[in-house]
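In my numbering, the protein residues as written are 3 to 954. For reference, the structure is listed below as structure tokens.
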């Protein structure tokens, strides 16, 4: 029979719905201590990852080579099985026939006639009703796809354990198209689960629960050794509704385990045998080779008085009272040779109360700082947990080289994948502290030591925030040692595009929190850190790649925690992150995402890049010399060509508006007078690309900052952008001025560790893997790390011609006295912020009523911001009184290089005097600030922030 005739005959066969009868995997009863040896290491040994890969390749079916391909590619998955009864496919063939193909052994292949190798072929029909609302809300990017109805009697749960494909045949019997299926929708429909997961401890047993609805078989290997040796036992888990489980003896505690999951993997189109950690692991061996049976409630894993820590937490009356200091765990102590080498760069350095770093943090806490934000501290890739494997640079040799030499970066880069440094944005397992920061990366050591870190910071007066990275995973596929979730339920946890390929807009392997069990894992993980590690807040990396609904559920879950029930006051836990809107989720393409413009009214904070760019100048993606409000735009220009004086003057006026909106917590409804003299709302002011500057509905939704771990440090950015003729003392004043705008703004102020010690990374714009050498923090204040060589070429090479002469110029390196002055400046600013509630207003209405900007409109003085904060009086009509000491405050930010004299008639007849903190400060220039009550006249020194107060 010809190919065409065969296809026509097949199409003519009357359709009879079929149900796949999948042979059931022989099941075992739940195991007890007496029956555990029925599966011993003598009967089943776990293959190594290398052996698995070799075996898989040897067993690959050669079906796909048997015949010419049809119009389609089974390596792609362009159709979506969105619910038990519906498939969505972007295909518009009328009068066509559609079929599902299934193969339990993954032997599907394409031929010129369609798909072959199936165990089962099921006809599906067009559903003229289209995709229902619940489907299009969950998957808005496929809202216009054709709906295909799956027969009611199909055993969909069994089909999900097979290789699956769909094909479309024209009326003439020719295969018009075929493709694989994306399964998260139907998996959620059939197998969403809210029961126990991971290793669950009772008095007599340890039970394992693994959610793996597409798996064909799951084994657990039990080990006594963290990395070597054969398993003590091999146990087979039994499946019920997509969850595989087994009961074992309590003696498993302290041992290690790993899963072997047999499952179809869409990346290889074969049934793979994957060795995987437990997605809900709470402990690991070094480098995550195996999961650890660990009971986090065990008393030996708790520092003394750990359970009473909720009562010792530093006071926090309101989220508006927060201020945040961003710090990398290794940076904190790695470069301080006074710290015991065993503790250096790790968790326990935070327990050394007499260490210079802890003395520094304690000093800032006493000045008012409330929170330390730790960069990723979960199990991440990129740093070997075992320190004996690390390679080191010769610091003495590098220190002897010229400050603009190329050699330092060459030596750092040569070992950058084998040293102990990485920021940590390479998540592997979210629920376990990173082993490289512990004194012993295997066993329970990391748990105890991380808890000691939290307790020590709390006792120093600082709450602790974790940087969480739920938007992507470092590994994927069946054989990557850093792949976990994609081995257990392949194709489910990672977001895929319309062809079925993994999205990588976040850097790599985007996760899909719109899928039920991904969202559940994220929320479970947050609750774990909040309850078991008593964490006080969470900063979400690339939060805009998560859905708004997920973030709201997370916030609600955290705020539901209580001291009496959970040992945690959830109402004090703050949630914030990067609300950038880009990639496949941009403009709500995958659902309403947690971007800046979508978060208004939620109380979830997002970073205000508008104030950052306006204060310092440009953006991380713009010309490095582009100046801003404090760095000399129009007032003391550098060599950058803006297109003329008119352009720079206009730009400076616009940036001033951006900063004023930021000082008012970036509230979208805040009304003020702009540089044109118009009364506008914050959302009426626009960025250079036409987006509204303001987006927040309440002050705690705004994180104001001028620098963070990304991009150049504040000191480095100022060194790049300010005019060459500035002295170091003048650059220090620019640094203080930028810091003051953040410290005295409404909303939540955020400081990058080291801004207050003029920290430099030798102009490295992306130091994520630049080693201790470029990331050094020196809390002895001897050096700010400027001029330690040209920064690594990969991220900075294009700017080397600009950077080299700056690093070679000795005048750009600050003195110790200047570093100490910078520390004192931040202390003073914090004390001023916490001297009055007027700097920490809690509502949008209160900000609108009490915050006012002067020196506005077309005749305003360039480079000068004048802000007043007004309080009411007890028993008087109008504003309520919230400050018992000050009734009125005026803050002036003078970015001009020289003294400015001006008059504000609205500020006449006030009893204003310099804030007592500034009167007592070591900054003699600020003490030259003057106010004349009769005329409302002021004189403010150049590059100075002055705070005047009116006492009651």
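Ideal placement from N, C-alpha and C gives every residue a C-beta, glycine not left out.
Which listed residue (the options) has its alpha carbon closest to that of residue i
i           : options            : result
residue 208 : 224, 218, 176, 219 : 224
residue 309 : 299, 265, 128      : 299
residue 842 : 705, 130, 688, 478 : 705
residue 519 : 284, 269, 186      : 186
residue 405 : 245, 805, 769, 435 : 805
residue 547 : 573, 497, 533, 666 : 497
residue 176 : 121, 192, 116, 188 : 116
residue 593 : 621, 640, 515, 939 : 515
residue 537 : 457, 240, 766      : 457
residue 849 : 87, 733, 702, 735  : 702
residue 168 : 84, 230, 76        : 76
residue 577 : 545, 823, 904, 741 : 545
residue 543 : 472, 854, 574      : 472
residue 585 : 513, 618, 579, 859 : 513
residue 759 : 271, 765, 825, 736 : 825
residue 734 : 650, 549, 814, 629 : 814
residue 796 : 486, 635, 418, 789 : 418
residue 647 : 657, 658, 635      : 635
residue 438 : 382, 487, 146, 486 : 382
residue 852 : 290, 741, 337, 872 : 872
residue 179 : 475, 134, 822, 92  : 92
residue 333 : 400, 88, 761       : 761
residue 952 : 839, 891, 799      : 891
residue 1   : 829, 318, 289, 608 : Nothing about residue 1 can be reported from this structure: the residues present for the chain run from 3 to 954 only.
residue 787 : 731, 717, 190      : 717
Limits of the unbroken alpha helix (DSSP H) element including residue i
i           : result
residue 664 : 647-665
residue 158 : 158-161
residue 435 : First-last for residue 435: 429-435, but that is the beta strand (DSSP E), not the alpha helix (DSSP H).
residue 818 : 818-835
residue 123 : Run containing residue 123: none in the alpha helix (DSSP H); it sits in the beta strand (DSSP E), 122-128.
residue 1   : The first residue shown for the chain is 3 and the last is 954, placing residue 1 beyond what the model contains.
residue 117 : No alpha helix (DSSP H) holds residue 117; the beta strand (DSSP E) holding it covers 116-118.
Beta bridge counterpart(s) of residue i as assigned by DSSP
i           : result
residue 246 : 212, 241
residue 263 : 220, 276
residue 942 : 902
residue 846 : According to DSSP, which records beta bridges pairwise, residue 846 is partnered with nothing at all.
residue 455 : Looking at the DSSP assignment, residue 455 forms no beta bridge with any residue, so it has no partner.
residue 91  : 81, 148
residue 512 : 474
residue 540 : 468, 577
First through last residue of the beta strand (DSSP E) which encompasses residue i
i           : result
residue 364 : No beta strand (DSSP E) holds residue 364; the alpha helix (DSSP H) holding it covers 358-369.
residue 683 : 681-683
residue 532 : Element bounds for residue 532: not the beta strand (DSSP E) but the alpha helix (DSSP H), 518-534.
residue 113 : 111-113
residue 180 : 177-184
residue 703 : Premise fails: residue 703 is in no beta strand (DSSP E) and is neither H nor E.
residue 149 : 148-151
residue 334 : Unbroken run through residue 334 is the alpha helix (DSSP H), 331-335; no beta strand (DSSP E).
residue 469 : 465-470
residue 866 : 866-872
residue 376 : 373-376
residue 202 : 200-203
Neighbour flag for residue i against chain C, beta carbons, 8 Å
i           : result
residue 318 : Note that chain C does not occur in the displayed structure, where there is just one protein chain.
message: In chain order, what are the residue ranges of uninterrupted beta strand (DSSP E) at least 3 long that sit wholly in the stretch 543-623?
response: 576-579, 607-610
message: Contact between the stretch 864-880 and the stretch 722-730 is defined here as three or more beta-carbon pairs at a separation below 8 Å; is this criterion met?
response: no
query: Which runs of the alpha helix (DSSP H), 4 residues or longer, sit entirely within the stretch 705-781?
result: 716-723, 730-745, 773-777, all fully within the stretch 705-781.
field: Unbroken stretches of the alpha helix (DSSP H), 4 residues or longer, contained in the stretch 875-938
entry: 918-921
query: Are the stretch 937-944 and the stretch 891-908 touching by the rule of at least three beta carbon pairs closer than 8 Å?
result: Between the stretch 937-944 and the stretch 891-908, the count of Cβ pairs shorter than 8 Å is three or higher; the stretches touch.
task: May I ask you to verify whether the stretch 613-622 touches the stretch 587-597, counting CB pairs closer than 8 Å and requiring at least 3?
output: Fewer than three pairs of CB atoms, one per stretch, sit closer than 8 Å, so the stretch 613-622 makes no contact with the stretch 587-597.
message: Assess contact between the stretch 146-154 and the stretch 116-127, defined as three or more Cβ pairs (one per stretch) separated by less than 8 Å. Is contact present?
response: yes
- request: Pair every Cβ in the stretch 157-164 with every Cβ in the stretch 103-117, then say whether three or more of these pairs are closer than 8 Å.
  value: A contact exists between the stretch 157-164 and the stretch 103-117.
message: Give the list of continuous alpha helix (DSSP H) stretches no shorter than 4 residues that lie fully inside the stretch 380-432.
response: 397-401, 409-416
query: Any chance the stretch 414-430 sits against the stretch 771-788, with 3 or more Cβ pairs inside 8 Å?
result: yes
- prompt: At a cut of 8 Å, does the stretch 393-411 reach the stretch 493-508 through at least three beta carbon pairs?
  reply: no
query: Between the stretch 677-692 and the stretch 736-751, do at least 3 Cβ pairs fall closer than 8 Å?
result: no
Uninterrupted beta strand (DSSP E) stretches inside the stretch 301-357 (no shorter than 3 residues): With a minimum length of 3 residues, the continuous beta strand (DSSP E) runs that stay inside the stretch 301-357 are 326-329.
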